[in-house]
Amino acid sequence: MAITASGLYGLTLEKMMIDTLGLSLESESVVFTMLVLDALTPDFNAHDFRSDITANEVVTGAGYATGGIVETATEVTLAGGVLTYDAVDAAWPASTITNAMAAVGYFKRGGADTLDELMWLSDFVTAASSSGGTFTVQWAAGGIFTVDFTPP
């Protein structure tokens with residue numbers, strides 16, 4: 002299988018909801034975004050750590066390092082029963098990146114990838130590349146993700 006949809010990683014979301022991580026989505030030192038290839042088959046019910054997906058990270062090269070980049074200007078807002086998470090668009094200047102199919106957000110614990118909790122996957126729908134230019138993931142105007150706490 003391949004990437005066919007965007008979604009939140011349920012195990013980490015559950016941990017966040019019951020406050021067992023001790024991490025903040027608004028931290029500008031531990032929330033990272035990495036790029037992955039279409040070969041990844043995301044399992045939103047079972048994948049919980051970066052080690053579950055690192056085999057499908059884009060090949061490191063000019064302007065891209067393993068693990069991606071830290072998110073900046075992160076913001077969590079709650080309005081009308083909807084929690085919204087947003088940040089500045091992720092960008093890799095002067096990069097050569099081939100066939101990135103999705104961006105994955107995670108909490109970087111500073112050690113092994115077996116400790117870095119996954120948060121979201123944003124599907125690009127079509128593979129994207131850069132060749133010595135800036136590769137930018139432009140987050141949706143409504144945020145990276147929203148959680149609707151209002152019953153249907």
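Taken in order, the sequence shown gives residues 2 to 153; the numbers are from my numbering. Virtual Cβ for every residue (Gly too), placed ideally from N, Cα, C.
From the listed residues E29, V138, L84, the smallest Cα separation to V105 is found for V138. Closest in alpha carbon position to W140, among G133, T5, A128, L122, is L122. By the C-beta criterion, the stretch 112 to 130 is judged to be in contact with the stretch 48 to 61, since at least 3 inter-stretch pairs fall below 8 Å.
With respect to the 8 Å criterion, E29 and V71 are classified as neighbours on the basis of their beta carbons. The DSSP-derived three-state label of T135 is strand. P43 and I98 have their C-alpha atoms spaced approximately 21 Å apart.
Using a Cβ distance threshold of 8 Å, V89 and A74 count as a contacting pair. Looking from the CA of A3, the closest CA among S130, D124, F146, F136 belongs to D124.
Under the three-state reduction of DSSP output, N100 falls in the strand class.
For F33, the enclosing beta strand (DSSP E) stretches over residues 32 to 37.
Nearest to E58 by alpha-carbon distance, out of G112, S130, M35, F108, is M35.
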